[in-house]
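Peer 1: Following this message is one structure expressed as structure tokens.
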Amino acid sequence: MTDATDESAGAAESAEKPSYEDARAELVEVVRQLEAGGATLEESLTLWERGEALASVCQEWIDGARERLDAVVAEAEADDEDDES
Numbered sequence: 724m725t726d727a728t729d730e731s732a733g734a735a736e737s738a739e740k741p742s743y744e745d746a747r748a749e750l751v752e753v754v755r756q757l758e759a760g761g762a763t764l765e766e767s768l769t770l771w772e773r774g775e776a777l778a779s780v781c782q783e784w785i786d787g788a789r790e791r792l793d794a795v796v797a798e799a800e801a802d803d804e805d806d807e808s
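Residue 724 is where the sequence shown starts when you use this note's numbering, and the numbers rise one by one after that.
This is how it looks when you write it as structure tokens:
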């Protein structure tokens, strides 16, 4: 793949990835539907698979946020150490 292809693939992926809030809201709805019952086995499996995918998206957002916060904290701690020197 070329750099241009990598960039367009990354752009397409980010365009398809829902925000944390949207993914969480849809996940809540999927869980509500599963808990309500009444779906066929095939419908339940489809809902469960969608729920797993949404949970994964939410976890990716949480992991990314954690990494960003850790980086900020580490930078602040490094600045504090520099100030003490």
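Note that beta-carbon positions come from the ideal geometry of N, C-alpha and C, so glycine has one too.
What residue does the alpha helix (DSSP H) around A767 start on, and which one ends it?
Peer 2: Residue identity check: residue 767 is Ser in the sequence provided, not Ala. Looking at the DSSP string, the run of the alpha helix (DSSP H) that includes S767 is L764 to E807.
Peer 1: With a threshold of 8 Å, are at least 3 pairs of Cβ atoms found where one atom belongs to the region 742-751 and the other to the region 770-781?
Peer 2: yes
Peer 1: Are the CB atoms of G774 and L792 nearer to each other than 7 Å?
Peer 2: no
Peer 1: Hey, L768 and Q756: beta-carbon distance below 7 Å or not?
Peer 2: Remark: C-beta atoms of L768 and Q756 do not approach each other more closely than 7 Å.
Peer 1: Within 10 Å of its beta-carbon, does V796 have 16 or more other beta-carbons around it, so buried, or fewer, so exposed?
Peer 2: exposed
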